[in-house]
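Just below is one structure, and these are the notes that go with it.
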Amino acid sequence: MLLKDLKVGLLQYFIGDAHVYATLLHPEGTLSVFRLLPYSEAFFLIDELVDSLQASLSESHRKRVFNRFSFEWGKKLIPAISEIAEFDVILIVPFGSLHGLPLHAIWIEERKQFLAQWKGISYCQSASLLLRCAERNLARGSDLNKWRFDAHDGDLPTNTFSPGSCVSFGVDVKHGNSALYENVAQTFARQFKKHATLIGSRATVKNSGLSVDPSPDSQWDVICLVSHGYLDSISPEGSGLLLDQRFIGVRHIHAMGEQIYTFRDLPFRHVPPQTLIDPAFSAEILTVSEMRVDCLTNANLVALLGCSTAAGEVRTGDDYSSLASQWLKVGASSVIASLWELDIDFLNEWMPRFLTNWVDKGQPKAIAVQGAINQTLSSRCDFQPYDWAVLGLFGDWV
Amino acid sequence: MSIWNQHPNYSDDQLRQLVAVCSEVFLDSDTAAEQFPPDFLEISPAMAARQLGPVLEENGQTLHAESVQEVLQDPIPSRDLCIAILTEIKRSPELATRVSETYARRERKMGGPETVLLAGALVVLAIKLKELRWGPEGGRISFYESAETVKAFLLNLLNLSEHPPSPGNGK
Chain P
1 MLLKDLKVGL LQYFIGDAHV YATLLHPEGT LSVFRLLPYS EAFFLIDELV DSLQASLSES
61 HRKRVFNRFS FEWGKKLIPA ISEIAEFDVI LIVPFGSLHG LPLHAIWIEE RKQFLAQWKG
121 ISYCQSASLL LRCAERNLAR GSDLNKWRFD AHDGDLPTNT FSPGSCVSFG VDVKHGNSAL
181 YENVAQTFAR QFKKHATLIG SRATVKNSGL SVDPSPDSQW DVICLVSHGY LDSISPEGSG
241 LLLDQRFIGV RHIHAMGEQI YTFRDLPFRH VPPQTLIDPA FSAEILTVSE MRVDCLTNAN
301 LVALLGCSTA AGEVRTGDDY SSLASQWLKV GASSVIASLW ELDIDFLNEW MPRFLTNWVD
361 KGQPKAIAVQ GAINQTLSSR CDFQPYDWAV LGLFGDWV
Chain B
1001 MSIWNQHPNY SDDQLRQLVA VCSEVFLDSD TAAEQFPPDF LEISPAMAAR QLGPVLEENG
1061 QTLHAESVQE VLQDPIPSRD LCIAILTEIK RSPELATRVS ETYARRERKM GGPETVLLAG
1121 ALVVLAIKLK ELRWGPEGGR ISFYESAETV KAFLLNLLNL SEHPPSPGNG K
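Read top to bottom, the protein sequences are chains P and B. Last residue of the first sequence? That's 398 in this note's numbering, and every number before it is there in order. Last residue of the second sequence? That's 1171 in this note's numbering, and every number before it is there in order.
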C-alpha cells in the first residue's frame, strides 16, 4: 500500500457557549463542524472517568467506569460514523478537559470494533505542536509519494527512511525486578539494526541522546525507557519516570557566556516518602519540570513504557503538561506513552507486534499501532478496553 | 510464589499493597456492592471509626470513636490489626487464592496509585461483611466467624488503649 493513498483527517475540539464542538479538517481543505454533547453533561462524565483512572484505588471500579465510557457515552464525543468513515488516520487535537481522554477506546457499534481498531489514531495537544513534530520528522524527508508499506497485503516495503537505531534503558527501582524491565528494553532495542541497551555505568541521560550536548555516538532514531511511572496528582509537573540516580547523573547547564554550571538534579524532586524504593537503588524521578531545562532530542520515536507517562494536567493557554507532551516539545517527532497504569503482560503482547509493523513492514506509526491492537485483540480476547487502550501515539503519525 | 508465603513477616510495602488488594477483593463482592459505595477504599480513619462504633458497641461496651480512630492511625496496632485480618483471610482457601492472584496482577503494573495502609477500609469490610459472593457462578464464602474474630481482636486492642495497664503498686 502507498502512504500517499492514506486519507488523513484532523479532528480538533473546542468548547462553545454550552456544548462541546469538534471540527474535522479534510485533506482537500474543507472543514466540517459538529456540535457534540452539552458540556454540563460532558464534564461530569469526564471528571468521573479521569478521577477513577488517576486516583481510584480499586481496579474493578476503574474498569467499570472505563467500560461505561467505552461502550456507552464516549461515542457522544466523536462525530457520526458516516462523517469519519472515509479516513484511514485521524489526528486528534483535544481541548480543555478532553486532553488525556482515550477516544481511541470508543466502541463503534456499527463496525463492531473500537475506534483504534478501525482507524490509525494519533493525539497532539495543539495543531502548532503537531506541525512542529511533522516538520522535524526525518521520515518526511524521504519521498512520501514512493513510500510503500506492507499493509498485511504482501506489499514489500520501500521507503528511504527506516528507523535504524535504538537506545533503550530499563530499571525497576521499586521491586528490584530490573532484569525483567531490562529484558523488555533489550527486546525493544533488538528490533533495530543498530541498538544499545544501557546497563550499569553506561546508563546515563547523555548516552540516551537527551541533552544539549549529547555525546557523538548518542544520536538515536528511537529512545525506549522502561520503568515505573509516577503521577503527581497535586503537582503534575513533578510527574515522571522513576529511574536510578546514575541515569539522571549530573546536568551541565549553560549559563550566560561560556559559564557552565553542574547540577546533580534540576529541579529537585525527591521521591515521595510513600513510594518505597528497593534499597539497592538511589532513585530519582525524571520529571516534566526537569525536561524543561536544557533538554533536546532529535529522536523519531520515544517510547515511555511506564505507568501514566501521558497523563497530565491542562495549564494556561490549553497547554497540556505531561511527560509525553514534554518529549514532543524538546524535539521528538512522536511518542508512545501510557494514559494510566500499564501492565507488563499487555506490553509483552503488544510491543513486538507494533515493532514488526513499524520497522519490518515499513508502516507509518499510526497504522503500525492500529495493526498491533488488532493483532493483540485477535490473540487475547481476555483483554478489556481498560487493558489495551492504555497506550497511545502522540505527535506525528508518520 | 504466593504473597502468603511471607505471612506474617511482610515488609511495609508488601503489607500496604496486600491490605489494599484484600480491601479491593472484599469491595468487589456482590455483598459489598449492596452496602458500600465504589470509592469506599478512600475512607478516612475518622470515618471508619464512626462506622465501626455501633458494630463494636453491640457487645454492650461504650466506645469513643476517637479511640477507634487512634488504633487505626497508630502504625503499630493498625499493623497488628491488619495482620490479624490477613490471618483470617488466609484460612479461607478460595478467598486467599483470589487475593494472591489479584496481588500478583498488581505486581505486574509498572506504576499505579500510591497508597497508605488502608486499615480503616479493611477493618470495616472485614467486620461488616459476614458473607462474600461474586455473581451467580462466582461462589459464596462465609466470613462470619472470621469477622467475629477480627471484632474481638479490635476490642482487645481498644480495651488495652482505653484501660492502660496500671502502674505496679510497689509490692
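Using N, Cα and C, we set each Cβ at its ideal position, and we do this for glycine too. In this text the structure is predicted, and so the values were computed from the model without any measurement.
Between residue i and the rest of its own chain, which residues show a CB-CB distance below 8 Å, the 5 nearest in sequence each way excluded?
i	result
residue 1170 of chain B	Its pLDDT being 40, under 50, residue 1170 of chain B is placed unreliably in this model, and the value from its coordinates should be taken loosely. Nothing listed; no residue qualifies.
residue 4 of chain P	144, 145 and 147
residue 89 of chain P	6, 7, 8, 9, 119, 120, 121, 122, 364, 366, 367 and 397
Report the neighbours of residue i on chain P: residues whose CB is nearer than 9 Å to its CB, in chain order.
i	result
residue 1038 of chain B	52, 56, 58, 60, 61, 64 and 65
residue 1012 of chain B	276
residue 1138 of chain B	Residues of chain P passing the Cβ test: none, with the nearest at roughly 13 Å.
Taking only three categories from DSSP, how would you classify residue i?
i	result
residue 350 of chain P	helix
residue 166 of chain P	strand
residue 247 of chain P	helix
residue 1150 of chain B	helix
residue 41 of chain P	helix
residue 1024 of chain B	helix
residue 196 of chain P	strand
residue 361 of chain P	coil
residue 1120 of chain B	helix
residue 224 of chain P	strand
residue 181 of chain P	helix
residue 380 of chain P	coil
residue 287 of chain P	strand
residue 1165 of chain B	The predicted model places residue 1165 of chain B with a pLDDT of 45, which falls under 50 and marks its position as unreliable; any figure quoted below should be read in that light. Of the three classes helix, strand and coil, the one that applies to residue 1165 of chain B here is coil, per DSSP.
residue 239 of chain P	coil
residue 386 of chain P	helix
residue 1142 of chain B	strand
residue 313 of chain P	strand
residue 10 of chain P	strand
residue 2 of chain P	strand
residue 1197 of chain B	The first residue shown for chain B is 1001 and the last is 1171, placing residue 1197 of chain B beyond what the model contains.
residue 419 of chain P	As displayed, chain P neither begins before 1 nor continues past 398, which places residue 419 of chain P out of reach and without an answer.
residue 1010 of chain B	coil
residue 212 of chain P	Bear in mind that the predicted position of residue 212 of chain P carries a pLDDT of just 49, short of 50, making it unreliable; the figure below should be weighed with that in mind. Three-state DSSP puts residue 212 of chain P in coil, outside helix and strand.
residue 369 of chain P	helix
Quick one: which chain P residues come within Cβ less than 7 Å of residue i?
i	result
residue 1108 of chain B	343, 344 and 345
residue 1020 of chain B	57
residue 1115 of chain B	57
residue 1135 of chain B	Within 7 Å Cβ-Cβ: nothing; residue 1135 of chain B doesn't reach chain P, min ~12 Å.
Does any residue of chain C have a CB that is nearer than 8 Å to the CB of residue i?
i	result
residue 230 of chain P	Among the protein chains of the structure shown, namely P and B, there is no chain C.
Which chain P residues are close to residue i, counting only those with a beta carbon under 8 Å from its beta carbon?
i	result
residue 1124 of chain B	Correct list: empty, because the minimum Cβ distance to chain P is about 14 Å.
residue 1120 of chain B	Those do not exist, as residue 1120 of chain B stays about 12 Å from chain P at its closest Cβ, beyond 8 Å.
Once you ignore the five residues that flank residue i on each side, which residues in its own chain have a CB closer than 6 Å to its CB?
i	result
residue 332 of chain P	297, 299 and 302
residue 196 of chain P	167
With a threshold of 7 Å, establish whether the CB of residue i neighbours any heavy atom of the ligand FAD.
i	result
residue 175 of chain P	Annotation note on the ligand FAD: not contained in the displayed structure, which lists no ligands.
Starting from residue i, find everything on chain B with Cβ-Cβ shorter than 8 Å and list it in chain order.
i	result
residue 175 of chain P	1107
Sorted by chain position, which residues of the same chain lie with C-beta nearer than 7 Å to residue i's C-beta, five sequence neighbours on each side aside?
i	result
residue 1084 of chain B	1150 and 1153
residue 387 of chain P	343 and 346
residue 185 of chain P	168, 169, 170, 197, 224 and 226
residue 38 of chain P	18 and 19
residue 1158 of chain B	1063, 1067, 1068 and 1071
Is there contact between the region 378 to 397 of chain P and the region 355 to 369 of chain P, where contact requires at least three CB pairs shorter than 8 Å? Using a C-beta cut-off of 8 Å, the region 378 to 397 of chain P makes contact with the region 355 to 369 of chain P, since at least three inter-stretch Cβ pairs fall below that distance.
Short-range partners of chain B found in the region 296 to 309 of chain P, where Cβ spacing is below 9 Å: Under the 9 Å Cβ criterion, the region 296 to 309 of chain P contributes 305, 306, 307, 308 and 309.
Quick one: which residues of the region 22 to 50 of chain P get their C-beta closer than 7 Å to a C-beta of chain B? List them in chain order. Residues: none.
Closer than 8 Å, Cβ to Cβ, to anything on chain B: give me those residues from the region 271 to 282 of chain P, in chain order. 272, 274, 275 and 276: these are the residues of the region 271 to 282 of chain P whose beta carbon lies less than 8 Å from some beta carbon of chain B, given in chain order.
Counting Cβ pairs, one atom from each stretch, are 3 or more of them under 8 Å apart for the region 168 to 181 of chain P and the region 278 to 292 of chain P? Here the region 168 to 181 of chain P makes contact with the region 278 to 292 of chain P; the two share three or more CB pairs at distances below 8 Å.
Is the region 76 to 88 of chain P touching the region 22 to 33 of chain P, taking contact as three or more C-beta pairs under 8 Å? Output reads yes: the region 22 to 33 of chain P touches the region 76 to 88 of chain P.
Taking only beta carbons into account, state which residues of the region 1021 to 1035 of chain B come closer than 7 Å to chain P, listed in chain order. Of all residues in the region 1021 to 1035 of chain B, 1024, 1027 and 1028 have a Cβ within less than 7 Å of some Cβ in chain P.
Short-range partners of chain P found in the region 1040 to 1061 of chain B, where Cβ spacing is below 8 Å: Answer set for the region 1040 to 1061 of chain B: 1041 and 1042.
Can you find at least 3 beta carbon pairs, one from the region 378 to 386 of chain P and one from the region 1011 to 1022 of chain B, that sit closer than 8 Å? No: fewer than three Cβ pairs fall under 8 Å.
Three Cβ pairs or more, each shorter than 8 Å: is that satisfied between the region 1046 to 1057 of chain B and the region 63 to 75 of chain P? Per the Cβ contact rule, the region 1046 to 1057 of chain B is not in contact with the region 63 to 75 of chain P (fewer than 3 Cβ pairs under 8 Å).
Given 8 Å, three or more beta-carbon pairs between the region 90 to 98 of chain P and the region 39 to 48 of chain P: Yes, they touch.
Is it a yes or a no for the region 1018 to 1030 of chain B touching the region 1123 to 1134 of chain B, going by three-plus beta-carbon pairs under 8 Å? Touching, yes.
Spell out a yes or no on whether the region 313 to 332 of chain P and the region 252 to 262 of chain P are touching, meaning 3 or more CB-CB pairs, one atom from each, closer than 8 Å. They do not touch, by the three-pair rule.
Quick test of the definition: if touching needs 3 or more C-beta pairs under 8 Å, does the region 126 to 134 of chain P touch the region 234 to 242 of chain P? Judged by pairs of C-beta atoms under 8 Å, the region 126 to 134 of chain P does not touch the region 234 to 242 of chain P, as fewer than three such pairs exist.
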